[in-house]
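Novice:
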Amino acid sequence: MAELLTIPQAFALLQIAPDGRRSTDGQRLDLGLAGAALADLALRGAITLQDGRVGIATGTPTGDAALDGVLEQVRAVYSVSGTPRKAKWWVQRLGKRPLRDAVLAGLVQRGIVSEEQHTTLVLFTTTRHPELDGGPESLVRAGVADVLAQRTPPSPYLATVIGLLDATGTLRNQFGAVDKALVRSISEGEWASPAVRAVLSDIQAAAMTAGVLAATTAATTATTS
Numbered sequence: 002m003a004e005l006l007t008i009p010q011a012f013a014l015l016q017i018a019p020d021g022r023r024s025t026d027g028q029r030l031d032l033g034l035a036g037a038a039l040a041d042l043a044l045r046g047a048i049t050l051q052d053g054r055v056g057i058a059t060g061t062p063t064g065d066a067a068l069d070g071v072l073e074q075v076r077a078v079y080s081v082s083g084t085p086r087k088a089k090w091w092v093q094r095l096g097k098r099p100l101r102d103a104v105l106a107g108l109v110q111r112g113i114v115s116e117e118q119h120t121t122l123v124l125f126t127t128t129r130h131p132e133l134d135g136g137p138e139s140l141v142r143a144g145v146a147d148v149l150a151q152r153t154p155p156s157p158y159l160a161t162v163i164g165l166l167d168a169t170g171t172l173r174n175q176f177g178a179v180d181k182a183l184v185r186s187i188s189e190g191e192w193a194s195p196a197v198r199a200v201l202s203d204i205q206a207a208a209m210t211a212g213v214l215a216a217t218t219a220a221t222t223a224t225t226s
């Protein structure tokens, strides 16, 4: 079952090619992983999302290092401020390299991907995560494809994965042309919990902002070059 992966793990695998290269830019990957972590914890009942703010519900550890790290951050910030922060604030705070590294480390530990260092031009070192076990990703892809083809109804888990892909603008790249109305009904309808819908909205806004900033930077660079 696709649910054997955490939602951040599923999202990460869909954004990494079999040879370990990313199929999207790092900023969109990190924003998606931040939203995936919040959505996963909300589905588990570990956190709450009310009026756009993230609070602690049960706070029960999940056993996954990446998710539990996020949970501890939410708990720590709340204990200091006493006021739940907005989901958008958390997406921006969590959407950085440390969360990505934690999610990928979990996949390495499970033997699903490996970790390789590549040095180019002597000075630059990049890290890739080639796939070792394609089974888990295949299950996720098959589940998403079945939902998009309307062969099966979406589970909350798959609705969240589809919503994350759509919110980060990577759904079409991974699954080709899709029915936009269907995708909207999945990510905004009854299949996704109110908490997850709130997270998806904030990710989409953050991803759009990131895209605008990237385009502006590229245009400025081209003009000044």
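Residue numbers for the sequence shown follow our numbering, beginning at 2 and rising by one. Ideal Cβ placement from N, Cα and C applies to all residues, glycine included.
1. What is the C-beta distance between I187 and G36, in whole angstroms, given that I count them as a contact (C-beta under 8 Å)?
2. Measuring only the C-alpha atoms, how far is D134 from T25?
3. Using DSSP's beta-bridge definition, name the partner residues of A89.
4. Which residue wins for smallest C-alpha separation from V75, given the options L42, T153 and R98?
5. Does the stretch 13 to 20 come within contact of the stretch 39 to 54, defined as at least 3 CB pairs closer than 8 Å?
6. By the three-class DSSP mapping on this structure, what secondary structure does T128 have?
7. Give me the DSSP bridge partner(s) of T51.
8. Measure the alpha-carbon distance for T127 versus E117 and round it to whole angstroms.
9. Could you check how far apart the C-beta atoms of A199 and A88 are, in whole angstroms? I think they sit under 8 Å.
Specialist: Taking the definition as stated:
1. Actually they do not touch by this definition, with Cβ atoms about 16 Å apart.
2. 21 Å
3. Strictly speaking, residue 89 in this sequence is Lys, with Ala absent from that position. K89 is not bridged to any residue.
4. L42
5. no
6. strand
7. Thr is not the amino acid found at residue 51; the sequence shown has Gln there. Paired residue(s): R54.
8. Rounded to the nearest whole angstrom, the CA to CA distance from T127 to E117 is 8 Å.
9. 6 Å
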